[in-house]
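Contents: one structure, followed by commentary.
There are 2 protein chains.
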Amino acid sequence: MMINSRLAVAIHIMVLLASNPRETVSSEWMAGSVNTNPVVIRRIMGMLRKAGLLTSSAGKTGAELTKDPSDITLLDIFKAVEPKDELFSIHEKPNPACPVGRNIQSALDLTFTRVQTAMEEELRSQSLQDVMNMLSPKSIQ
Amino acid sequence: MMINSRLAVAIHIMVLLASNPRETVSSEWMAGSVNTNPVVIRRIMGMLRKAGLLTSSAGKTGAELTKDPSDITLLDIFKAVEPKDELFSIHEKPNPACPVGRNIQSALDLTFTRVQTAMEEELRSQSLQDVMNMLSPKSIQ
DNA sequence: TTTGATTGTCACTAAAATGGTGACAAATGG
DNA sequence: CCATTTGTCACCATTTTAGTGACAATCAAA
Chain V
7 MMINSRLAVA
17 IHIMVLLASN
27 PRETVSSEWM
37 AGSVNTNPVV
47 IRRIMGMLRK
57 AGLLTSSAGK
67 TGAELTKDPS
77 DITLLDIFKA
87 VEPKDELFSI
97 HEKPNPACPV
107 GRNIQSALDL
117 TFTRVQTAME
127 EELRSQSLQD
137 VMNMLSPKSI
147 Q
Chain A
7 MMINSRLAVA
17 IHIMVLLASN
27 PRETVSSEWM
37 AGSVNTNPVV
47 IRRIMGMLRK
57 AGLLTSSAGK
67 TGAELTKDPS
77 DITLLDIFKA
87 VEPKDELFSI
97 HEKPNPACPV
107 GRNIQSALDL
117 TFTRVQTAME
127 EELRSQSLQD
137 VMNMLSPKSI
147 Q
């Protein structure tokens, strides 16, 4: 399955922002914690900003969460960083002359929607605060 | 999210095999129903065969399911066609000198495992027969 | 105001995944 | 024997992803 690490990095960024004073969390500094390039951090921050999860501006170090970590779900973050949030795709144009081909798309659509919903509900059930609580108390500076 | 259509095509193949006499379901014929190249069908059939979901052999038209459709779950098919079945990946080597970087991986691992489990349980709850029942009776020849 | 640091964004790259395609040996069955 | 089919390989174009350098615009501190 095609997978990327954007959700993981986005959560990492959000935890850093929630756990540290603004002046300390430059994209360079976050890149050091995540172990990647600062541009990757800014790119993902841009998606989180467009989704309204944080505010930041050119020239000003760091960013700020717009909500309390307990009011931000992992589904919020997932949808922010995954423009195409569909888990599975259905093959195009199955043969309408075949009884199976003619009806398979709607059946698969129902099926895949249920799977997608199950995944999203689990993401919705976990908040950013929940993730932070899994880190040792020392990580919350 | 990067997504492929292998699960959709694999389910389509399995439905065709379950619904038609063996002599009629050549890879060429199935390719016609799915609307793709016969090699794509054979490639996915190869994965299903390795997973023990069907039997087929060179020179012999078609394939046969090894189990009753009601005993085959969509999770079985998913695992057959997705060698890397992990939904999300975690970024490599976060900085151990950072309190967040040091602990984020295990937290994300717990989190992502719960999401993955939710998805797999939903896939496990649906059988191939369930999908076939969603198609019109006419499609079961 | 000047200077240095930072963000936002662009363009480019390499790597990987995916699906389509042609080719062909091996096996099947008439 | 011979036409058909499977299993498999190699190759290709497309897409996605993450890393990187570059740079204008902005900010903040001296």
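Top line first, the protein sequences correspond to chains V and A. Each position in the first sequence, counted from 1, maps to that position plus 6 in our numbering. Each position in the second sequence, counted from 1, maps to that position plus 6 in our numbering. Glycine included, each C-beta is placed from N, C-alpha and C at the ideal position.
DSSP bridge partner residues for residue i (one or two, in chain order)
i                      : result
residue 61 of chain A  : A:70
residue 117 of chain V : Residue 117 of chain V is not bridged to any residue.
residue 79 of chain V  : V:133
Close Cβ partners of residue i (< 8 Å) along its chain, the five nearest in sequence each way excluded
i                      : result
residue 48 of chain A  : 33
residue 85 of chain V  : 57 and 91
residue 137 of chain V : 17, 21 and 80
residue 59 of chain A  : 20, 71, 72, 73, 78, 82, 83 and 86
residue 31 of chain A  : 22, 23, 67, 68 and 69
residue 42 of chain V  : 15
residue 100 of chain A : 106, 107, 108, 110 and 111
Neighbourhood of residue i by C-beta, 6 Å cutoff - its chain only, sequence neighbours within 5 removed
i                      : result
residue 18 of chain V  : 40
residue 126 of chain A : 81
residue 44 of chain V  : 33, 34 and 37
For residue i, three-class secondary structure by DSSP
i                      : result
residue 39 of chain A  : helix
residue 133 of chain V : strand
residue 45 of chain V  : helix
residue 106 of chain V : helix
residue 15 of chain V  : helix
residue 22 of chain A  : helix
residue 112 of chain V : helix
residue 139 of chain A : helix
residue 54 of chain A  : helix
residue 99 of chain A  : coil
residue 84 of chain V  : helix
residue 33 of chain A  : helix
Closest by C-alpha distance to residue i, when choosing among the options
i                      : options                       : result
residue 141 of chain A : V:13, V:115 and V:127         : V:115
residue 35 of chain V  : A:107, A:25 and A:119         : A:107
residue 135 of chain A : V:123, V:125, V:126 and V:117 : V:117
residue 53 of chain A  : A:88, A:44 and A:76           : A:88
residue 113 of chain A : V:50, V:37, V:132 and V:44    : V:132
residue 37 of chain V  : A:102, A:139, A:123 and A:122 : A:102
residue 105 of chain A : V:139, V:55 and V:43          : V:139
residue 50 of chain A  : A:27, A:31, A:64 and A:15     : A:15
C-beta atoms of residue i and residue j nearer than 7 Å
i                      : j                      : result
residue 23 of chain A  : residue 69 of chain A  : yes
residue 25 of chain A  : residue 97 of chain V  : no
residue 120 of chain A : residue 128 of chain V : yes
residue 29 of chain A  : residue 61 of chain A  : no
residue 122 of chain A : residue 93 of chain A  : yes
residue 124 of chain A : residue 124 of chain V : yes
Own chain, CB closer than 7 Å to residue i, minus 5 neighbours either side, in chain order
i                     : result
residue 75 of chain A : 24, 133, 134, 135 and 138
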